[in-house]
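The structure appears right after this line, and notes come after that.
In mature numbering (1 follows the signal peptide of the UniProt record, and there is no 0), the protein residues as written are -29 to -1, 1 to 182.
See the structure below:
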C-alpha cells in the first residue's frame, strides 16, 4: 500500500514533463551528434521554489503495528542542485537537496521532510531524466498531547514530535531553457520511500556552463 501510494504521488508529479520528454526523444540522434561536438565539460547549479504533495501521518497507533492513518498533504518547499555533464556524453551526474515543510500552521510541531540525494541521468536536448538514491528525514506529529488554549499564544494543538530517517529513490524530469550561462527551468520531481513518498513541481534559476 505504501509503495502504491508513493508511486501515485510521484506519477502525478512526473506525468506532465515526462510526456514532453517522451515526445522529445525523436530528436535523440540530432542531440547526440551535437553533444559529440562538445569538447568540454558542462556544469551548473540551480535553486528554486517548489510545491510538493506528500504522505502525512494523521494519527498513530499506540504500538508500532503499521496501522497509522495517513493522508496526502500539500507543502511549499525549496530545491537546490548541482550537476556535471562530461564532454562528449549524454550522461549527467547530479546532487540535490529538497526541503518541504508546513508554513504558518496552527498545530505544533510543524511537519517537515528533507532529502539529500545523488542522481544519474540522461540529457535529451533540454530535458534531463534522472534517478538515484537519497536519504530522507523529517518530522511528523504523533499523539496529541494537549488541545488549543484559546487564551494562549499558540492557537493549535500540541502533538508528540516524531522524527524519522530512511532511504528513498529520487526521480526527476528537468527542462532547462537553452541559454548559455544563466537560465530558467521546470522540474517534476519525486521520491519513493517507505511511508513518506512525495512529488511536486519546482521552478528554478540556473547558473553555469549549460550549453
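The beta-carbon is built from N, C-alpha and C at its ideal position, and this holds for glycine as well. None of these values were measured; they are calculated from a predicted model.
| Item | Value |
| --- | --- |
| In DSSP terms, what residue 180 is bridged to | 14 |
| DSSP state of residue -3 mapped onto helix, strand, coil | Below a pLDDT of 50, predicted positions are generally treated as unreliable, and residue -3, at 46, falls in that range; no measurement from the model is reported. |
| Helix, strand or coil at residue 167 according to DSSP, with G and I counted as helix | coil |
| Coil, strand or helix - residue 71 by DSSP | strand |
| Identity of the residue in 154, 133, 70 and 112 nearest residue 105 by Cα | 70 |
| Assumed close pair residue 66, residue 53 - CB separation to whole angstroms, cut-off 8 Å | 5 Å |
| Residues near residue 11 in its chain [Cβ-Cβ closer than 8 Å; skip 5 each side] | 58 and 180 |
| Collapsed DSSP secondary structure at residue 102 in the structure displayed | strand |
| Beta strand (DSSP E) segment containing residue 85, residue limits | 83 to 95 |
| Beta-carbon contacts of residue 99 that lie in its chain and below 6 Å, excluding the five residues immediately before and after | 63, 92 and 145 |
| Nearest-angstrom beta carbon gap, residue 164 and residue 110 [assumed within contact, 8 Å] | Not quite, the Cβ-Cβ distance comes to about 15 Å (not below 8 Å), so this is no contact. |
| Start and end residues, beta strand (DSSP E) containing residue 60 | No beta strand (DSSP E) contains residue 60, which DSSP labels as neither H nor E. |
| Reduced DSSP secondary structure (H/G/I, E/B, other) of residue 128 | coil |
| Counterpart residues of residue 108 in DSSP-defined beta bridges | 85 and 136 |
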